[in-house]
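S.K.: Mind the numbering: the sequence shown is residues 1 to 206 in UniProt numbering, read in order. Pasting a structure here, questions to come.
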Amino acid sequence: MTRIHWHKKTKDAKGQQKLKRRAMLNLAAHSFSTVGYKQTSMDDIAAALAVTKPALYYYAKNKEDILMQCARISLERVELCFTSAQEVQGNGLDRIRVFFRVYANMVVSEFGSALMREARRNLTGENQKNLRQTLIDGQNFLESIIAEGIKDGSIRDCDSKRLAHVLFSAFNQMPIWYNPKGPLNPESIADEMLELIIHGVGAKNT
């Protein structure tokens, strides 16, 4: 985990606040993704940062607010997936490959894990509503790329919604089983997963 230290001094007051907020979120994302949201308390976060619990309330209303802030960072990274796919000079299938190579890197990060596992399970009320809408927007975006691929002939005629569900379902499970010390990086795993989905598992002569 890359740490940003709470007690690091800067000459700029706003910069100092930004560093402290990011230190809190980095620590929280690490704890949420490794220990679990419900198993992590505000006291745990404060103790790990070597600050008092009241100091955290300057940067967050409560633990759920911290989780939502972590989710926002992840969702900003999802936007990068959209941008990367849109910038591809290729067909629909090429765009899907690029999208999920970037997405795989995001989803196995501590912030990505906090979003995919903890935020989806534990956010409530407006936070859950806002998160769900953002995820729906992502689903719609992927469906539009699939539709482009069907139109340009790079993807066979299929139900774009169903294929989008299959792709997201597969990649959203990566935080559960991905081993950062393993032989393959997230992009290579993304390529392998897409090959399996694109070409199936049946032998050529079956």
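Cβ coordinates follow ideal geometry from the N, Cα and C atoms, glycine included.
Reducing DSSP to helix, strand and coil, say where Thr-124 ends up.
M.R.: Within the sequence shown, numbered from 1, the residue matching residue 124 stands at position 124. Residue state, collapsed to three classes: coil.
S.K.: Between Ser-154 and Gly-112, how many whole angstroms is the CB-CB distance? I'm expecting something under 8 Å.
M.R.: For the purposes of this step, residue 154 is taken as the residue at position 154 of the sequence shown. For the purposes of this step, residue 112 is taken as the residue at position 112 of the sequence shown. That pair is no contact at about 27 Å.
S.K.: Could you check which residue in Glu-79, Leu-194, Lys-181, Pro-175 has the C-alpha nearest to that of Phe-32?
M.R.: Residue 32 sits at position 32 when you count from the first residue of the sequence shown. The residue with the shortest Cα to Cα distance from Phe-32 is Pro-175.
S.K.: Entirely within the stretch 108-157 and at least 4 residues each: give me those alpha helix (DSSP H) ranges in chain order.
M.R.: Qualifying alpha helix (DSSP H) stretches, in chain order: 110-113, 125-152.
S.K.: Going by C-alpha distance, which of Gly-138, Asn-26, Leu-123, Asn-130 is nearest Tyr-103?
M.R.: For the purposes of this step, residue 103 is taken as residue 103 along the sequence shown, with counting starting at 1. That would be Gly-138, whose Cα lies nearest to the Cα of Tyr-103.
S.K.: Does the beta-carbon of Val-107 have 16 or more other beta-carbons within 10 angstroms, so that it is buried, or is it exposed?
M.R.: Sequence index remark: in the sequence shown, residue 107 carries index 107 (1-based). Under this definition Val-107 is a buried residue.
S.K.: Can you give the beta carbon distance from Met-116 to Ile-66, rounded, assuming they're within the 8 Å contact cut?
M.R.: Position 116 of the sequence shown holds residue 116. Position 66 of the sequence shown holds residue 66. About 17 Å; that fails the 8 Å criterion.
S.K.: Going by other Cβ atoms of all chains shown within 10 Å of its Cβ, with 16 needed for buried, is Thr-2 buried or exposed?
M.R.: Translated into the one-based positions of the sequence shown, residue 2 becomes position 2. Residue confidence is low: Thr-2 scores 41 on pLDDT, short of 50, so the model does not pin down where it sits. No coordinate-derived value is stated.
S.K.: In the DSSP assignment, find the alpha helix (DSSP H) that holds Gln-89 and state where it starts and stops.
M.R.: What you label residue 89 is simply residue 89 of the sequence shown in a count that begins at 1. Per DSSP, Gln-89 belongs to no alpha helix (DSSP H) and is neither H nor E.
S.K.: Quick check on the burial criterion: 16 or more other C-beta atoms within 10 angstroms. Buried or exposed for Ile-146?
M.R.: Numbered from its first residue, the sequence shown carries residue 146 at position 146. Buried, because 16 or more other Cβ atoms sit within 10 Å of the Cβ of Ile-146.
S.K.: Once DSSP output is grouped into helix, strand and coil, what is the label at Gly-200?
M.R.: What you label residue 200 is simply residue 200 of the sequence shown in a count that begins at 1. DSSP places Gly-200 in coil when its eight states are reduced to three.
S.K.: For Gln-133, does the count of other Cβ atoms within 10 angstroms reach 16, so buried, or fall short, so exposed?
M.R.: Translated into the one-based positions of the sequence shown, residue 133 becomes position 133. Exposed is the call here.
S.K.: What would DSSP say about Tyr-103, mapped onto helix, strand or coil?
M.R.: Counting from 1 along the sequence shown, the entry for residue 103 is found at position 103. Reduced to three states, the DSSP call for Tyr-103 is helix.
S.K.: In angstroms with no decimal places, state the Cα-to-Cα distance between Ala-119 and Phe-171.
M.R.: Along the sequence shown, one-based indexing puts residue 119 at 119. Along the sequence shown, one-based indexing puts residue 171 at 171. Going from the Cα of Ala-119 to the Cα of Phe-171 covers about 16 Å.
S.K.: Would you tell me roughly how many angstroms separate the C-alpha atoms of Ser-188 and Arg-95, rounded to the nearest one?
M.R.: The residue labelled residue 188 in the question sits at position 188 within the sequence shown. The residue labelled residue 95 in the question sits at position 95 within the sequence shown. Near 16 Å, if we compare the C-alpha coordinates of Arg-95 and Ser-188.
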